[in-house]
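Engineer:
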Amino acid sequence: MLLLPLAAMFLPAFALTTMLPLVLALAPTRLGA
2 MLLLPLAAMF LPAFALTTML PLVLALAPTR LGA
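First residue of the sequence shown: 2, per my numbering; consecutive thereafter.
(1) From residue 18 to residue 3, what distance separates their C-alpha atoms?
(2) Alpha carbon to alpha carbon, what distance is there between residue 24 and residue 5?
(3) With residue 7 as the anchor, note down where its alpha helix (DSSP H) starts and where it stops.
(4) Do you know offhand how far residue 8's Cα is from residue 21's?
(5) Compute the Euclidean distance between the alpha carbons of residue 26 and residue 11, then round it to the nearest angstrom.
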């Protein structure tokens with residue numbers, strides 16, 4: 002029963018840590034470098 006709230010807290014953090022490197026990698030190209 003505790004798995005659902007735990008997943009609800011973990012998934013946004015996991016998505017953030019996976020998307021952050023992608024954003025940092027794409028940021029220079031989007032800034033016109």
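Positions of the beta carbon are idealized from the N, C-alpha and C atoms, including for glycine.
These numbers come from a predicted model, not from an experiment.
Structural biologist: Result, derived from the coordinates:
(1) Residue 18 sits at position 17 when you count from the first residue of the sequence shown. Residue 3 sits at position 2 when you count from the first residue of the sequence shown. Answer to the nearest angstrom: the Cα atoms are 23 Å apart.
(2) As a working mapping, residue 5 is identified with position 4 in the sequence shown. As a working mapping, residue 24 is identified with position 23 in the sequence shown. If you take the alpha carbons of residue 5 and residue 24, they lie about 28 Å apart.
(3) Locating residue 7 in the sequence shown gives position 6, counting from the first residue. Looking at the DSSP string, the run of the alpha helix (DSSP H) that includes residue 7 is 4-31.
(4) Numbered from its first residue, the sequence shown carries residue 8 at position 7. Numbered from its first residue, the sequence shown carries residue 21 at position 20. Near 20 Å, if we compare the C-alpha coordinates of residue 21 and residue 8.
(5) Translated into the one-based positions of the sequence shown, residue 26 becomes position 25. Translated into the one-based positions of the sequence shown, residue 11 becomes position 10. In a straight line, the C-alpha of residue 26 is about 23 Å away from that of residue 11.
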